[in-house]
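**Student:** Take the sequence shown: its position 763, counting from 1, is numbered 763 in our numbering, and each next residue is one higher.
First the structure, which I've put down as structure tokens, then a few questions once you've had a look.
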Amino acid sequence: MIGKIIEFSIKNRFLVLLGLILTMAWGLYSVVHIPLDAIPDLSENQVVVMTDWPGRSPQIVEDQLTYPLSTSLQGLPGVKAIRAGSQLGLSMVYVIFNDNVDIYWARTRVSERLSTLKTNLPPGVTPMMGPDGTGVGHVFWYTVEGKGQDLGTLRAIQDWFVRPQLSSVAGVAEVASVGGFSKQYQVDLDPNRLSIHNLNVGEVVSALRQSNGDGSGGILEQNGQEFSVRSRGYVRGIPDIENAVVKTDANGTPILVKDVASVQMGSDLRRGLLEKNGEGEVAGGIVVMRYNENAKAVIDRVKQKIKEIESGLPQGVKIVPSYDRSELIERAVDNLKHSLIEEAVIVTLFHLAFMMHLASAFVIVLAIPISVFIAFIFMSSLGISSNIMSLGGIAIAVGVLVDSAIVMVENAYRRLAEGEPIKNHSDYIRAITESAKQVGRPIFFSLIIILLSFAPVFLLEGQEGKLFRPLALTKSFSMAGAAIIAITVVPVMMTFLLKGHLKPEADNPISRFFLKGYRPIIEWALNHRWTTIVSALLVVLLAIPVAGTIGKEFMPPLDEGSLLYMPTTLPDVNITEAKRLIQVQDKLIMSVPEVHHVLGKVGRAETATDPAPVSMFESIVLLKPKNEWRKGITKEDIISELDRKAQIPGVANGWTQPIINRINMLSTGVRTDLGVKFFGNDLDTLEQLAIEAEGILKDIPGAKDIYAERVIGGRYFDVELDRGKIARYGLNVGDVNDAIESALGGTIISNTVEGRQRFPIKVRYARDFRDTLEALQNTTISTRMGQPAAVSAPSAPSGGMGGMGANTPAQALSAPVSPNESFTRQVPLSQLASVRVTSGPPMISSENTMLRSIVYLNVRGRDMGSFVDEAKKVLLKKMQLPSGYYVSWSGQYENQIRANQRLQILIPIVLVIIAILLFFTFHSVSSAAMVLLSLPFALSGGIFLQKLLHFNFSVAVWVGYIALAGVAVETGVVMLIYLHEALDRKIKRGVVTEEDIREATIEGAVLRLRPKLMTVFAAIIGLLPIMWSGGTGSDVMRPIATPMIGGLLSSMVLVLVVLPVVFDLWMVQKLRKGTLRGSGTGHGEKDNPRQVGEVEPRL
């Protein structure tokens, strides 16, 4: 079939050339328009369900929201895991679906389930799905700055001008505000004045709600015109609130809000802030990219939108980018592009030097751009972005793309230069056709073997599958393109370009040099066959203990060019202290010369993709270009210096990178490289286990940034209600709870409408009456003679504009009260309950509904695998887990174990498939076995170079070995083809002796040295730019290239020296047994293999 394709291509050269032109045009278009990103999206296939319940403690949120939601959503089809967290006033449930589930189908299923849960949740509480973005979609951070502008004004500009504009940009899922002060009208009640006027909080709330809103009177017609009647009643400022009437007294005198409260513009309770360069707070926003969008294009559109809206900002106000992932994308893609160009240039020069014929070198090198274009066509069609991994797949294939073209062109070149004279054009075409058919089938099969050898990468799961699948796809696309080109375009181009004076190989000085050095080596090896074989076996055996000394890890870290400082402080820290701490830390960080700027975040941004508590700090540290660093300093040196400078008592430091941190947090729930998770049913026990493990693990070499999560570290004022005392005053528990919530927590009653801006109106006690334990105890509860102190009413949606949601239970106090009712007394809370200071959970985390605590740590100075092996033994020896509790190791180690288990199954299967393909190539078990001998020798070379360059075993390294297997087999196939060809020629001449086999072996090895050296050297030289590259992405690509280079060097020795010796030894044995036959492979003609007659064996 391959021969027929070659004949068809040569007979229809115009069609082939037309297809070539169209392919290159299509490929060029795909290159220009393909999406760009730094790395593939490694985040989990997840839907986030966020529920606000302001003021409620984490335990209440967990019991009434998070746990019911988790148990219900766990039953959805395709759900892999449920992770959840409950914190003050907020429930976050992460529904993790299997990777093969469509994200929008998953969102539909979650939405359907949420609609059935409303009756099981507290009144007025509505769960909402997060944006259709991923955790790694935080592609652009910016600050809104302006001299002379306060943080409240800047935050209002962000919320009501900048955010709506940027949200309209295509590809943006959400723009989350962070930092500054969210402005609100604050009605601070004086309980003493309320008592004087015989009022309670509910009446003030009801009066204010009735004092804010526009109305309509329909339509009137006058003088042929139509007039719409409207009443303008929205609050326009503080005086409108102050002059709102609560009720009238016995004399008919109106009691105004200002008679019982002070009104001012203030800020809402903050659960997050933003700080820059240690210089103070700023307001800003985070652009969250929509799922599966083009990151570079989205960022470019956001930047363009910022330019468009800048003219609409108040004078002196500007939008300043702080974190821009497009810079990382550009560095990564440019670095890989430069490596690709360098590879192509080097490979071209190499082939030109070896062939000493420009046209022949051109035909060979032409396979590179065509194959790359074919890869880009498939990438564009399948929606694969151009990133480090997809370009890396092409980069590691460049040297191999030309292998088939080398063999085909060199075979035709030799036939034309050293064969029978060409008399006419027909003879020339026939010679090209026959030479192409002669090697077409085996080289096509060898390329198919390379493709199949990469099958394990396609079948990887989880994070490693998402990372390396684009690499495997692009490598496969380009290799498939090379296979098609080899049997179509290359034969056609040879008919046009392999003309003129073609110098024999002996006239090439480079070929002569290698031939002169190689012949004595192969002759010595054939004279000392067993010495050669034993030596090769010893090399393979030596590699086994060397491999045992190499460490293990999941993935080498990608240098993102920026750092993320993630310290953890005590869980009871308040926002004021957190602000002080992060400002001090950021100022210390800025003192390091290599730091360009730093943007620190405390707590959470207003998005479902950021569930951080106030005790969690995140400072993005942007570094200067490396050419501006101090001489000899490395990134590790910078991290060490930063860590020393940022040491503050009570703060546990942690260093990572922005993208990988969010990937780790969302995929495993762990923000460090490694996490030890304890599961059980009691938070106190879980905290004790985590603290005990922290003390044990910190003594193990390699443990850094270790910190046990304090799940019981929050501080509470617990109000223990005395039901008997409450009943004596005609109250119930709900009355007291509602009064506490309204007076202390506050009630959002409505929103003002001021143009495009909306500001909430909040009612609660003035600060002096709610800020201390004594004030809490003195909180008064209103009672009426013979009836409860407050009239409860069913919850109803808020009438205010702005979408503030439904009433909370506290708003039930707003039911109308008759002006003629009189209160018996105002009862202080201390007479109804006891108040004490206690500890409790600041945040409650769970996985699959089981409560969880974590010990966070990074591993430095040793490999992850050996550390975990040692740590497991130590914990098992020193810790005794109570019944019902268990421990799990998570983070990158979890991914590493999954990847190793998968590869242990897949790699043997692929080796069997390769063996079967080799059998179909040679129709001989012995020939297939001889080619497979190249694999252990290639692995040995890879291990030695890996050890020399200090790379641990990782998924990246194993991908390199997988790629090496296919290339090593291909080089063995090429050698065996030539050895069989030489022996077949001897067999055709008649009786064969052992000396004939030896001569055939030398002939096949030596006389066809050039194509073998070209294929191996092309593969090695094509990988060198990756090895010497130090730019973004090299951290991942160098571990892939290292085993390939080492393995190709060692397999070259095997192919050039050991394989001919094994071939000679095996053929001699077959000769002595009388079973030696012609191979019948590697030829275009149909040879009938025949048995060689009995001969006198050579002694």
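The C-beta atom is built at its ideal place from N, Cα and C for all residues, glycine as well.
Just so it is clear, the structure is predicted and the values come from calculations on it, not from any experiment.
Does the count of Cβ pairs from the region 959-977 and the region 1006-1019 closer than 8 Å reach three?
**Tutor:** yes
**Student:** Could you give the first and the last residue of the continuous alpha helix (DSSP H) run that contains Arg441?
**Tutor:** As a working mapping, residue 441 is identified with position 441 in the sequence shown. Start and end: 425-453.
**Student:** Considering only their Cβ atoms, is the gap separating Ser890 from Gly675 smaller than 9 Å?
**Tutor:** In the sequence shown, the residue the question calls residue 675 occupies position 675. In the sequence shown, the residue the question calls residue 890 occupies position 890. By the CB criterion at 9 Å, Gly675 and Ser890 fall inside the cutoff.
**Student:** Tell me whether Lys147 is buried or exposed, calling it buried when 16 or more other Cβ atoms sit within 10 Å of its Cβ.
**Tutor:** Along the sequence shown, read from residue 1 onward, the residue named residue 147 stands at position 147. Flag for Lys147 reads exposed.
**Student:** Could you check the C-alpha separation between Leu498 and Ser360 for me, to the nearest Å?
**Tutor:** Taking the first residue of the sequence shown as 1, we reach residue 498 at position 498. Taking the first residue of the sequence shown as 1, we reach residue 360 at position 360. So the alpha carbons of these two residues sit roughly 6 Å apart.
**Student:** Check whether the region 156-171 touches the region 189-205, counting contact only when three or more Cβ pairs, one atom from each stretch, lie closer than 8 Å.
**Tutor:** With a cut-off of 8 Å, the region 189-205 and the region 156-171 do not count as touching, because too few Cβ pairs lie within range.
**Student:** Starting from the Cα of Leu976, find the closest Cα among Tyr961, Thr1015, Met930, Ser750 and give me that residue.
**Tutor:** In the sequence shown, residue 976 corresponds to position 976, counting from 1. Comparing Cα positions, the closest option is Met930.
**Student:** Give the DSSP-derived three-state secondary structure of Thr253 in the structure shown.
**Tutor:** Along the sequence shown, one-based indexing puts residue 253 at 253. Residue state, collapsed to three classes: coil.
**Student:** Quick check on the DSSP output: what are the complete alpha helix (DSSP H) runs of length 4 or more inside the region 41-124, in order along the chain?
**Tutor:** 58-61, 67-73, 103-115
**Student:** Comparing C-alpha positions only, which one of Leu939, Leu451, Asn751 sits nearest to Ile394?
**Tutor:** By 1-based counting over the sequence shown, the position of residue 394 is 394. The residue with the shortest Cα to Cα distance from Ile394 is Leu451.
**Student:** Give a yes or no on contact between the region 287-296 and the region 236-248, applying the rule of three or more CB pairs nearer than 8 Å.
**Tutor:** no
**Student:** May I ask which residues mark the beginning and end of the beta strand (DSSP E) holding Asn664?
**Tutor:** Within the sequence shown, residue 664 is the residue found at index 664, counting from 1. Element bounds for Asn664: not the beta strand (DSSP E) but the alpha helix (DSSP H), 658-668.
**Student:** Check whether the region 707-718 and the region 874-891 touch, using three or more Cβ-Cβ pairs below 8 Å as the test.
**Tutor:** no
**Student:** When the Cα atoms are used, what is the spatial distance from Gly800 to Asn212?
**Tutor:** As a first step, residue 800 must be located in the sequence shown, where it is residue number 800. As a first step, residue 212 must be located in the sequence shown, where it is residue number 212. Low local confidence applies: a pLDDT of 38 at Gly800 is under 50, so the model's placement there is unreliable, with the coordinate-based value given in what follows. The alpha-carbon atoms of Gly800 and Asn212 are separated by roughly 8 Å.
**Student:** Just list the residues that DSSP pairs Leu189 with in beta bridges.
**Tutor:** If you number the sequence shown from 1, residue 189 lands on position 189. DSSP output for Leu189 lists Ala261, Tyr765 as bridge partner(s).
**Student:** Pull up the distance between the alpha-carbon of Leu581 and that of Met265, whole angstroms please.
**Tutor:** In the sequence shown, residue 581 corresponds to position 581, counting from 1. In the sequence shown, residue 265 corresponds to position 265, counting from 1. Approximately 27 Å between the Cα atoms of the pair.
**Student:** Is it right to say Arg232 is buried, meaning 16 or more other beta carbons lie within 10 angstroms of its own, or is it exposed?
**Tutor:** Residue 232 sits at position 232 when you count from the first residue of the sequence shown. Around the CB of Arg232, fewer than 16 other CB atoms lie within 10 Å, so the residue is classed as exposed.
**Student:** In terms of alpha-carbon separation, which member of Ser478, Leu515, Leu17, Val93 lies closest to Val1006?
**Tutor:** Locating residue 1006 in the sequence shown gives position 1006, where the first residue counts as 1. Among Ser478, Leu515, Leu17, Val93, the Cα nearest to that of Val1006 belongs to Leu515.
**Student:** When the Cα atoms are used, what is the spatial distance from Gln892 to Glu62?
**Tutor:** Taking the sequence shown and counting its residues from 1, the one referred to as residue 892 is at position 892. Taking the sequence shown and counting its residues from 1, the one referred to as residue 62 is at position 62. C-alpha separation (whole angstroms): 28 Å.
**Student:** Hey, could you find the ends of the alpha helix (DSSP H) Ala397 is sitting in?
**Tutor:** Counting from one through the sequence shown, the residue named residue 397 turns up at place 397. The continuous stretches of alpha helix (DSSP H) do not include Ala397, and DSSP gives it neither H nor E.
**Student:** Please go through the region 949-1008 and give each complete alpha helix (DSSP H) segment of 4 or more residues, from N-terminal end onward.
**Tutor:** 955-988, 994-1002
**Student:** Name the residue from Asn848, Trp1066, Glu628 whose alpha carbon lies nearest to the alpha carbon of Gly669.
**Tutor:** Numbered from its first residue, the sequence shown carries residue 669 at position 669. Measuring from the Cα of Gly669, the nearest candidate turns out to be Asn848.
**Student:** Apply the 10 Å Cβ neighbour rule to Met1 and answer buried if 16 or more other Cβ atoms are within range, or exposed otherwise.
**Tutor:** Locating residue 1 in the sequence shown gives position 1, counting from the first residue. So Met1 ends up on the exposed side.
**Student:** Short of 8 Å in beta carbon distance, which residues of its chain neighbour Gly654, apart from the five on each side in sequence? Order them along the chain.
**Tutor:** The residue you call residue 654 lines up with position 654 of the sequence shown. Answer for Gly654: Tyr565, Met566, Pro567, Thr568, Arg671, Thr672, Asp705, Tyr707, Tyr856, Asn858, listed in chain order.
**Student:** Could you spell out the range, first to last residue, of the alpha helix (DSSP H) harbouring His338?
**Tutor:** For the purposes of this step, residue 338 is taken as residue 338 along the sequence shown, with counting starting at 1. It spans 325-355 - the alpha helix (DSSP H) in which His338 sits, taken as one unbroken run.
**Student:** From the DSSP secondary-structure annotation, give me the bridge partner or partners of Lys276.
**Tutor:** Mapped onto the sequence shown, residue 276 falls at position 276. Per DSSP, Leu599.
**Student:** Does DSSP put Leu226 in a helix, in a strand, or in coil?
**Tutor:** Reading the sequence shown from its first residue, position 226 is the one you call residue 226. Before going on, a small fix: residue 226 reads as Glu here, not Leu. Strand.
**Student:** If I measure Cβ to Cβ from Ser91 and keep anything under 6 Å in the same chain, skipping five residues before and after, which residues do I get?
**Tutor:** As a first step, residue 91 must be located in the sequence shown, where it is residue number 91. Correct list, in chain order: Thr51, Val61, Leu65, Thr66.
**Student:** What number of angstroms, rounded off, separates the C-alpha of Met1044 from the C-alpha of Gly972?
**Tutor:** Looking up residue 1044 in the sequence shown gives position 1044. Looking up residue 972 in the sequence shown gives position 972. For Met1044 and Gly972, the distance between alpha carbons rounds to 15 Å.
**Student:** With DSSP collapsed to three states, give me the class of Trp160.
**Tutor:** Residue mapping note: residue 160 aligns to position 160 of the sequence shown, counting from 1. If DSSP states are grouped into helix, strand and coil, Trp160 belongs with the helices.
**Student:** Return the CA-CA distance between Pro1025 and Glu343, expressed in angstroms with no decimal places.
**Tutor:** Start at 1 with the first residue of the sequence shown, and residue 1025 comes out as number 1025. Start at 1 with the first residue of the sequence shown, and residue 343 comes out as number 343. Computed Cα separation, rounded: 6 Å.
**Student:** Which runs of the alpha helix (DSSP H) spanning at least 4 residues fall entirely within the region 872-952, listed in chain order?
**Tutor:** 892-922, 925-932, 934-948
**Student:** Given a cut-off of 9 Å, decide if Leu979 and Phe1101 are closer than it, judged by their beta-carbon atoms.
**Tutor:** In the structure displayed, the chain extends from 1 to 1099; residue 1101 sits before or after that span and is not available.
**Student:** Relative to the alpha-carbon of Lys11, which residue among Ile449, Gly1078, Val1068, Arg430 has its alpha-carbon at the smallest distance?
**Tutor:** As a first step, residue 11 must be located in the sequence shown, where it is residue number 11. When each option's Cα is compared against that of Lys11, the closest is Arg430.
**Student:** What does the alpha-carbon distance come out to for the pair Ser814 and Val201?
**Tutor:** As a first step, residue 814 is located in the sequence shown; it is residue number 814 there, counting from the start. As a first step, residue 201 is located in the sequence shown; it is residue number 201 there, counting from the start. With a pLDDT of only 37 at Ser814, under the threshold of 50, the placement of this residue in the model should not be trusted, and no figure is reported.
**Student:** Under the assumption that Tyr765 contacts Leu744 (Cβ atoms under 8 Å), give the Cβ distance between them as a whole number of angstroms.
**Tutor:** What you label residue 765 is simply residue 765 of the sequence shown in a count that begins at 1. What you label residue 744 is simply residue 744 of the sequence shown in a count that begins at 1. About 6 Å; that satisfies the 8 Å criterion.
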